[in-house]
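Asker: Sending over a structure as structure tokens; questions will come in a sec.
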Amino acid sequence: MKTLNRFLWFGLVAFFLVTAVENAYAGSPRYIFKVASLAPEGSVWAKRFRDFTDEVVEKSNGEIGFKIYAGGVMGDDRSMYRKMRVGQLNGGGFTMTGIGEVVPDFRVLGIPFLFNSYDEVDRVKEKLMPRFEKEFDDKGMVLLAVSEVGFVYTMSTTPITTLTELKQSKAWVPEGDPISQVLLETVGVTPIPLSIPDVLTSLQTGLINTAFNSYYGSIVLQWFTRISYITDIPFAYAYGAFILDKKTFSRLPPHYAELIKSAARVHFDKLLRDTRKSNEEAMQVLIQNGIALVKPTPMTKAELQNNYREMTVQKLVDDAFSKSIYTEAMMYLDNYHKELSAPQQ
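Counting in our numbering, the sequence shown runs from 45 upward without gaps.
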């Protein structure tokens, strides 16, 4: 219980507070970035982002400043993006679901049952990063980092180990996430689209009985209080993007632009390690609090990872994402597997 309290303390304190990074330098910053995020105050995501902004403020001698709006106070991803378009915000931490509506190819890493390990994720993501950066640039945004939620799992009030049990579930799907929605519909589920802030209430009322989240995310958002089982196979890889408005970013002198880019690389790399560690610790906390891990049957696992995933992709190619990005991602994944299986010299 002590460990759980620690998670809740860091994850839930001041969930909807608006905060600003204040610096100790005289005068007003020459360059201000108003940045919003759904990440709750006190979470590893918000804490690492503050480390990043603190470094940029310090190394620019206060000439660069940030105002941070955490915990979703600026609305969901769609609202944040609209506010960027009209200048109310200059950037944000977006989920893959939200920003994927603007840059569809960014969705490719989130195809359900595509990855089985973080090593696979890291290889494909590294190879695709230059393409992602160009596609964001084409849409008037600077992609500074890909953030991570981690592998998300099926979390439910009753055990889900077979396709039949999954079909009988009242499953949530994030609003604006065509990939998860089509996968579930292909399986035979009628998913219920909801925004992230509405999930906990919907679990409480019984509108849904199945959701998808990372171990750590389920604690931060308190979803763990309403579920009893976790199906022990990654449903999908969840991630996000830290972006700034290209027009605003282009006003920076070159040395300040490079300062922001280099600081983002350092701190979001640390965030990656923090997130994975937090998920490992959170899994143990969930088990200690009576939540059971259940394994899907071998047939169910094979059906989901092969047949249903491929059927989903065929329905979505050239709609939710391009055929070329999927082909490229699969090439990198296949090459990684070939390297692993190659005889050691």
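The beta carbon of each residue, even a glycine, is placed where N, CA and C say it ideally should be.
These numbers were taken from a predicted model, which means no experiment stands behind them.
Where E372 and P235 are concerned, what is the direct C-alpha to C-alpha distance, given to the nearest angstrom?
Answerer: Within the sequence shown, residue 372 is the residue found at index 328, counting from 1. Within the sequence shown, residue 235 is the residue found at index 191, counting from 1. Looking at the two C-alpha atoms, the distance is approximately 29 Å.
Asker: Less than 7 Å between C-beta atoms, sequence neighbours within five positions excluded: which residues of the same chain meet that for E219?
Answerer: Here residue 219 refers to the residue found at position 175 of the sequence shown. Hits under 7 Å: P237, L238 and S239.
Asker: Let me make sure I understand the geometry here. Which of Q266, T139 and H299 has the alpha-carbon closest to that of R122?
Answerer: On the sequence shown, position 78 is the one that residue 122 refers to. Looking at the Cα atoms, T139 is the closest of the given residues.
Asker: Can you tell me where the beta strand (DSSP E) holding S200 begins and where it ends?
Answerer: Mapped onto the sequence shown, residue 200 falls at position 156. Start and end: M185 to S200.
Asker: Bridge partners of P237, per DSSP?
Answerer: One-based indexing of the sequence shown puts residue 237 at position 193. Beta-bridge pairing links P237 to V217.
Asker: Grab me the residues of E164's own chain with a C-beta within less than 7 Å of its C-beta, minus the 5 sequence neighbours each way, in chain order.
Answerer: Within the sequence shown, the letter at position 120 stands for residue 164. L377 and Y380, listed in sequence order.
Asker: For Q248, which residues of its own chain have a beta-carbon under 8 Å away from its beta-carbon, when the five flanking residues on both sides are left out?
Answerer: Taking the first residue of the sequence shown as 1, we reach residue 248 at position 204. For Q248, where only same-chain residues beyond five positions count, the Cβ hits under 8 Å are R270.
Asker: When the Cα atoms are used, what is the spatial distance from I304 to D276?
Answerer: As a first step, residue 304 is located in the sequence shown; it is residue number 260 there, counting from the start. As a first step, residue 276 is located in the sequence shown; it is residue number 232 there, counting from the start. Answer to the nearest angstrom: the Cα atoms are 39 Å apart.
Asker: Looking at the structure shown, is A301 part of a helix, part of a strand, or coil, going by DSSP?
Answerer: To locate residue 301, count along the sequence shown from 1; it is residue 257. A301 falls in the helix class under three-state DSSP.
Asker: Please go through the same chain and pick out, in chain order, the residues whose beta-carbon is closer than 6 Å to the beta-carbon of T206, but skip the five residues on each side of it.
Answerer: What you label residue 206 is simply residue 162 of the sequence shown in a count that begins at 1. Within the same chain, T206 has close Cβ partners T341 and T344.
Asker: Alpha carbon to alpha carbon, how far is G193 from A285?
Answerer: Indexing the sequence shown from 1 puts residue 193 at position 149. Indexing the sequence shown from 1 puts residue 285 at position 241. The amino acid at residue 193 is misidentified as Gly; the sequence shows Val. If I take the Cα positions, the gap works out to 11 Å.
Asker: Where does N323 land, buried or exposed, given buried means 16+ other C-beta within 10 angstroms?
Answerer: In the sequence shown, counting from the first residue as 1, residue 323 sits at position 279. Looking at its Cβ environment, which holds 16 or more other Cβ atoms inside 10 Å, N323 is buried.
Asker: The alpha helix (DSSP H) spanning V101 covers which residue range?
Answerer: Taking the first residue of the sequence shown as 1, we reach residue 101 at position 57. Taken as a continuous stretch (DSSP letters only), the alpha helix (DSSP H) holding V101 covers V88 to K103.
Asker: What residue range is occupied by the uninterrupted beta strand (DSSP E) comprising I277?
Answerer: Locating residue 277 in the sequence shown gives position 233, counting from the first residue. Residues Y273 to D289.
Asker: Taking Cβ positions only, does L251 come closer than 8 Å to chain D?
Answerer: Annotation note: the requested chain D is absent from the structure, which comprises a single protein chain.
Asker: Taking the C-alpha atoms as reference points, what is the distance between A255 and Y273?
Answerer: If you number the sequence shown from 1, residue 255 lands on position 211. If you number the sequence shown from 1, residue 273 lands on position 229. Answer to the nearest angstrom: the Cα atoms are 11 Å apart.
Asker: Report, in whole angstroms, the separation of the C-beta atoms of A80 and Y113, which I expect to be a contact under 8 Å.
Answerer: Taking the sequence shown and counting its residues from 1, the one referred to as residue 80 is at position 36. Taking the sequence shown and counting its residues from 1, the one referred to as residue 113 is at position 69. That pair is a contact at about 4 Å.
Asker: If you count every other CB in all the chains shown that lies within 10 Å of the CB of M118, and 16 or more means buried, which is it?
Answerer: For the purposes of this step, residue 118 is taken as residue 74 along the sequence shown, with counting starting at 1. By the neighbour-count rule (16 or more Cβ atoms within 10 Å), M118 is buried.
Asker: Looking only at C-alpha atoms, which of P222, V101 and I287 sits nearest to E177?
Answerer: For the purposes of this step, residue 177 is taken as the residue at position 133 of the sequence shown. Minimum Cα distance to E177 is reached at I287.
Asker: Is it the case that the Cβ atoms of P156 and A280 are separated by a distance below 8 Å?
Answerer: Residue 156 sits at position 112 when you count from the first residue of the sequence shown. Residue 280 sits at position 236 when you count from the first residue of the sequence shown. Result yes, Cβ atoms of P156 and A280 sit closer than 8 Å.
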